[in-house]
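Colleague:
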Amino acid sequence: MSAMVGSGGYAKAAPDNGTMMQSAAEHKGCRTAAKTAQAGCGSRTSQGDLPSEIWEKVKKHPCYSEEAHHHYARMHVAVAPACNIQCNYCNRKYDCANESRPGVVSEKLTPEQAVRKVLVVATAIPQMTVLGIAGPGDALANPAKTFKTFELVAKAAPDIKLCLSTNGLALPDHIDTIVRSRIDHVTITINAIDPEIGAKIYPWIFFSHKRYTGIDAARILTDRQLQGLEMLSERGILCKVNSVMIPHINDQHLVEVNKAVKARGAFLHNIMPLISAPEHGTVFGLNGQRGPSAQELKTLQDACEGKMNMMRHCRQCRADAVGLIGEDRSAEFSTDQIMKMGVKYDLATRKAYQDRVEDERAVSVVALQQELTQFAAETSAIKVLVAVATKGAGLINEHFGHAKEFQVYELSTSGAKFIGHRRVDVYCQDGYGEEDRLSTIIRGIHDCHAVFVAKIGGCPKSNLIKAGIEPVDQYAHEFIEKSTIVWFRSYLDKVKSGDVQHEERGDAAIRQGALISAA
Amino acid sequence: MPFKIIASQCTSCSACEPLCPNVAISEKGGSFVIEATKCTECIGHFDEPQCVAACPVDNTCVIDTSLPRYQAPA
Numbered sequence: 001m002s003a004m005v006g007s008g009g010y011a012k013a014a015p016d017n018g019t020m021m022q023s024a025a026e027h028k029g030c031r032t033a034a035k036t037a038q039a040g041c042g043s044r045t046s047q048g049d050l051p052s053e054i055w056e057k058v059k060k061h062p063c064y065s066e067e068a069h070h071h072y073a074r075m076h077v078a079v080a081p082a083c084n085i086q087c088n089y090c091n092r093k094y095d096c097a098n099e100s101r102p103g104v105v106s107e108k109l110t111p112e113q114a115v116r117k118v119l120v121v122a123t124a125i126p127q128m129t130v131l132g133i134a135g136p137g138d139a140l141a142n143p144a145k146t147f148k149t150f151e152l153v154a155k156a157a158p159d160i161k162l163c164l165s166t167n168g169l170a171l172p173d174h175i176d177t178i179v180r181s182r183i184d185h186v187t188i189t190i191n192a193i194d195p196e197i198g199a200k201i202y203p204w205i206f207f208s209h210k211r212y213t214g215i216d217a218a219r220i221l222t223d224r225q226l227q228g229l230e231m232l233s234e235r236g237i238l239c240k241v242n243s244v245m246i247p248h249i250n251d252q253h254l255v256e257v258n259k260a261v262k263a264r265g266a267f268l269h270n271i272m273p274l275i276s277a278p279e280h281g282t283v284f285g286l287n288g289q290r291g292p293s294a295q296e297l298k299t300l301q302d303a304c305e306g307k308m309n310m311m312r313h314c315r316q317c318r319a320d321a322v323g324l325i326g327e328d329r330s331a332e333f334s335t336d337q338i339m340k341m342g343v344k345y346d347l348a349t350r351k352a353y354q355d356r357v358e359d360e361r362a363v364s365v366v367a368l369q370q371e372l373t374q375f376a377a378e379t380s381a382i383k384v385l386v387a388v389a390t391k392g393a394g395l396i397n398e399h400f401g402h403a404k405e406f407q408v409y410e411l412s413t414s415g416a417k418f419i420g421h422r423r424v425d426v427y428c429q430d431g432y433g434e435e436d437r438l439s440t441i442i443r444g445i446h447d448c449h450a451v452f453v454a455k456i457g458g459c460p461k462s463n464l465i466k467a468g469i470e471p472v473d474q475y476a477h478e479f480i481e482k483s484t485i486v487w488f489r490s491y492l493d494k495v496k497s498g499d500v501q502h503e504e505r506g507d508a509a510i511r512q513g514a515l516i517s518a519a
Numbered sequence: 520m521p522f523k524i525i526a527s528q529c530t531s532c533s534a535c536e537p538l539c540p541n542v543a544i545s546e547k548g549g550s551f552v553i554e555a556t557k558c559t560e561c562i563g564h565f566d567e568p569q570c571v572a573a574c575p576v577d578n579t580c581v582i583d584t585s586l587p588r589y590q591a592p593a
């Protein structure tokens with residue numbers, strides 16, 4: 001519709017059949033003012049303005065629905081080790097169980113081992129609803145292993161949604177197989193649509209029995225990615241586009257990428273910060289290419305939002321990640337372990353468990369709506385960020401010292417909007433707090449006015465206050481959105497009465513290194 | 520003039536295995552190996568050796584110069 005007409009040069013390329021794709025492209029303004037009842041778009045519990053068939057696909061998919069990611073888990077199986085392109089932010093040699101980033105995996109699996117793992121995890125974690133194949137290479141550079149795995153899983157565990165992630169180079173060749181395999185969701189990583197920029201990110205590709213380099217390589221890759229996206233959209237398969245934000249290389253350009261993928265029917269755009277450190281041994285890591293700061297990332301995401309749905313809850317997880325998106329339980333499910341663990345895959349039990357999760361979700365939404373009605377007559381230009389320590393279920397239920405990450409919400413009189421997360425090293429080890437880690441945590445949430453926790457010790461509390469971040473522990477085990485809004489209302493009252501002077505906070509650092517403690 | 524894979528550099532990603540027109544590549548002991556008697560360097564099949572072109576680590580699929588024919592005559 002307007003989305004496609006307005007896309008200029010891309011309008012021609014946009015497919016015109018497939019109502020699902022149209023509706024996916026049409027709804028915008030995701031997560032805008034909750035009080036105007038537009039809180040839909042695959043980011044909230046309520047269906048909002050999402051067409052039912054799309055809502056059914058995303059409501060239990062933690063990657064496609066921000067709200068679902070508090071409740072549902074996913075897993076990746078590392079059956080696809082080969083890749084057909086080289087990226088300057090990737091080094092496949094590095095493998096470490098303590099590190100969590102794409103391309104990294106501890107052991108590769110055969111399709112048969114993968115199915116066993118899926119059943120074991122489905123037994124242990126009944127809210128695991130999605131199986132993805134995301135490497136550690138490229139899912140479609142290993143088509144035999146990838147599709148064999150999907151075939152076996154679809155037979156053994158029919159309620160699990162299938163999902164794959166690809167660089168897109170081989171995508172146009174596999175569209176029919178993807179449709180036949182009943183894969184609901186496909187993620188394509190598109191970092192550039194201009195081959196000049198692409199050439200700075202991809203040194204080479206391997207395509208139709210040849211290695212291509214430079215602009216030729218980038219041009220082929222871009223063409224194939226966009227062609228694949230169009231073909232999937234035509235067939236009603238939900239597509240997410242991942243882009244890595246690389247300062248001074250593609251940061252400005254990603255706004256153009258956003259327009260191009262939206263015009264071709266992408267459902268969701270996930271702009272992620274470059275992870276780059278010399279010890280990763282990547283080209284970017286070794287030549288000192290930095291990643292963006294928290295505010296640079298947010299500014300770009302904000303600029304693209306309104307045009308289409310933005311994913312902000314991505315944790316850039318491993319190709320063998322298991323669990324809720326904020327956690328990684330892959331270490332519990334090594335091949336040795338899964339051979340020993342029992343399988344009691346039972347559809348009815350899983351459904352009963354997930355029904356309970358749905359009830360929990362509904363309660364949290366009602367609580368939020370009640371709180372928001374209090375804001376009905378109020379508007380204020382003030383917006384603040386707050387950090388939240390949570391273990392999931394939409395609750396403030398993690399201790400400050402145990403948090404592996406903080407979720408960040410932007411509070412305004414429109415409501416509480418999830419805008420991202422900050423990974424940190426756990427402050428408390430063996431009962432003792434580490435001062436170095438505390439200063440790293442403070443740098444990571446430096447743009448926040450407050451941090452909400454279930455519990456916090458006296459020492460970190462006073463250091464946080466010194467850094468200008470208010471530690472808030474009075475909403476322990478209550479709903480995140482409701483509690484933060486209650487807090488924000490009293491903050492606004494204090495600003496109004498002159499008790500508090502509202503000040504903008506600075507920027508924050510995005511953590512680059514490997515996780516020091518095993519996740 | 521067959522190719523060989525330098526085991527210490529091989530990431531065991533398997534990218535080369537299905538590409539070999541002579542089915543000369545297989546996994547052995549955690550890395551991939553090329554059966555020297557089967558390797559034709561892809562001559563007659565492709566413009567460039569497929570294992571070399573697809574390998575993510577440069578200089579890992581290399582000509583095996585340890586073979587007697589490459590040694591200086593005694």
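Residue numbers (our numbering), protein chains in the order written: chain H, 1 to 519; chain L, 520 to 593.
Glycine included, every Cβ here is placed at the ideal spot set by N, Cα and C.
None of the values given here were measured: they were computed from a predicted structure.
1) I want to see whether chain L comes within less than 8 Å of Ala416/H, judged by CB atoms only; does it?
2) Taking 8 Å as the CB-CB limit, is Gln301/H close to chain L?
3) Would you call the CB atoms of Thr189/H and Asn242/H closer than 8 Å?
4) How close, in whole Å, do the beta carbons of Leu385/H and Cys448/H come, if the pair is a contact with beta carbons under 8 Å?
5) Do you know offhand how far Ser43/H's Cα is from Gly415/H's?
6) Is Ser380/H near Thr349/H, with beta carbons less than 8 Å apart?
7) Who pairs with Lys240/H in a beta bridge, going by DSSP?
8) What three-state label does DSSP hand Leu411/H in the structure shown?
9) Do you know whose CA, among Ser550/L, Glu567/L, Pro568/L, lies nearest Ala526/L's CA?
10) Would Ala97/H count as contacting chain L if we go by Cβ distances under 8 Å?
11) Let me know the secondary structure DSSP gives Ser165/H once reduced to three states.
12) Which residues in chain L have a C-beta closer than 7 Å to the C-beta of Ala82/H? List them in chain order.
13) For the region 136 to 158 of chain H, enumerate the residues whose C-beta is nearer than 9 Å to any C-beta of chain L, in chain order.
14) With DSSP run on the structure shown, which of helix, strand or coil describes Thr129/H?
15) Any beta-carbon of chain H closer than 8 Å to the one on Phe522/L?
16) Mind checking whether Pro136/H and Ala73/H have CB atoms under 8 Å apart?
17) Could you list the residues in the region 549 to 569 of chain L with a C-beta less than 7 Å from some C-beta on chain H, going in chain order?
18) Have a look at Lys496/H, Gln337/H, Glu151/H, His313/H and flag the residue whose alpha-carbon is nearest the alpha-carbon of Glu378/H.
19) Using 8 Å as the Cβ pair cut-off and three pairs as the minimum, do the region 143 to 156 of chain H and the region 105 to 123 of chain H touch?
20) Do we get a CB-CB distance below 8 Å when we pair His70/H with the residues of chain L?
21) In angstroms with no decimal places, state the Cα-to-Cα distance between Met339/H and Val115/H.
22) For Ser550/L, report the span of its beta strand (DSSP E) as first-last.
23) According to DSSP, simplified to helix, strand and coil, what is Thr299/H?
24) May I ask you to report which of helix, strand or coil DSSP gives Ala34/H?
25) Starting from Ile193/H, follow its DSSP beta bridges and name the residues at the other end.
26) From what residue to what residue does the beta strand (DSSP E) around Tyr212/H run?
27) Given Cys539/L, which residues of its chain have a CB within under 7 Å of its CB, disregarding the five upstream and five downstream residues?
28) Using 10 angstroms around the beta-carbon of Lys466/H, count the other beta-carbons present and answer buried if the total reaches 16, otherwise exposed.
29) Under 9 Å Cβ-Cβ, which residues of chain L neighbour His76/H?
30) Quick one: does Val576/L have its CB under 8 Å from some CB of chain H?
31) From this set, Gly392/H, Ser233/H, Ile133/H, which residue's C-alpha is nearest Cys163/H's C-alpha?
32) Please identify the residue among Met310/H, Arg318/H, Met341/H, Ala157/H whose C-alpha is closest to the C-alpha of Gly420/H.
33) Quick one: using the 10 Å Cβ neighbour count with 16 as the cut-off for buried, is Arg182/H buried or exposed?
34) Going along the chain, which residues of its own chain have a beta-carbon closer than 7 Å to the beta-carbon of Tyr212/H, five neighbours each way excluded?
35) For His269/H, which residues in chain L fall below 7 Å Cβ to Cβ?
36) Taking CB distances under 8 Å as the criterion, tell me whether Phe206/H reaches chain L.
Modeller: Once the coordinates are examined:
1) No, its Cβ sits nowhere closer than 8 Å to a Cβ of chain L.
2) Closer than 8 Å: no.
3) When the beta-carbon positions are compared, Thr189/H and Asn242/H come within less than 8 Å of each other.
4) Correct: roughly 5 Å between the Cβ atoms.
5) For Ser43/H, the pLDDT reaches just 40, beneath the cut-off of 50, and the residue's location in the model is therefore unreliable, although a value from the coordinates is still provided. Looking at the backbone, the Cα of Ser43/H and that of Gly415/H are separated by about 14 Å.
6) Thr349/H is positioned such that its CB atom lies no closer than 8 Å to that of Ser380/H.
7) The partner list for Lys240/H (beta bridge, DSSP) reads Thr187/H, Leu268/H.
8) For Leu411/H, the secondary structure class from DSSP, reduced to helix, strand or coil, is strand.
9) The shortest C-alpha separation from Ala526/L is found at Ser550/L.
10) Confidence is the limiting factor: at Ala97/H the pLDDT is only 46, short of 50, which leaves the residue's position unreliable, though a coordinate-based value still follows. Under the Cβ distance rule, Ala97/H does not count among the residues neighbouring chain L, no pair being separated by less than 8 Å.
11) In this structure, Ser165/H counts as strand in the three-state DSSP scheme.
12) The answer, in chain order, is Cys532, Ser533, Ala534.
13) Contacts with chain L (Cβ-Cβ distance below 9 Å) from the region 136 to 158 of chain H involve Pro136, Gly137, Ala141, Asn142, Ala144, Lys145, listed in chain order.
14) Strand at Thr129/H.
15) It does not; no Cβ of chain H falls within 8 Å.
16) With a cutoff of 8 Å on beta-carbon distance, Pro136/H and Ala73/H are scored as not near each other.
17) Listed in chain order, the positions of the region 549 to 569 of chain L with a beta carbon within less than 7 Å of a beta carbon of chain H are Phe565, Asp566, Glu567, Gln569.
18) Looking at Lys496/H, Gln337/H, Glu151/H, His313/H, the one whose alpha-carbon comes closest to that of Glu378/H is Lys496/H.
19) The region 143 to 156 of chain H, when compared against the region 105 to 123 of chain H, does touch it at the 8 Å Cβ threshold.
20) So no, His70/H is outside the interface.
21) Between Met339/H and Val115/H, the C-alpha separation is close to 11 Å.
22) For Ser550/L, the enclosing beta strand (DSSP E) begins and ends at 550 to 553.
23) It is helical.
24) Per-residue confidence for Ala34/H stands at a pLDDT of 34, beneath the threshold of 50, marking its modelled position as unreliable; the derived number appears in the next sentence. In the structure shown, Ala34/H sits in a helix (DSSP, three-state: H, G or I).
25) None, per the DSSP bridge assignment.
26) For Tyr212/H, the enclosing beta strand (DSSP E) begins and ends at 210 to 213.
27) In its chain, beyond the 5 residues on either side, Gln569, Cys570 have a beta carbon closer than 7 Å to the beta carbon of Cys539/L.
28) Lys466/H should be labelled exposed.
29) Residues of chain L passing the Cβ test: none, with the nearest at roughly 16 Å.
30) For Val576/L, the answer is yes, since a Cβ of chain H falls inside 8 Å of its Cβ.
31) For Cys163/H, the nearest C-alpha among the options comes from Ile133/H.
32) Nearest to Gly420/H by C-alpha distance, out of Met310/H, Arg318/H, Met341/H, Ala157/H, is Met310/H.
33) Counting Cβ neighbours within 10 Å, Arg182/H comes out exposed, since fewer than 16 surround it.
34) Cβ within range, chain order: Trp204, Ile205, Ile220.
35) Within chain L, no residue comes near His269/H; the closest Cβ sits about 28 Å away, beyond 7 Å.
36) Interface annotation, Phe206/H: in contact with chain L, CB-CB separation under 8 Å.
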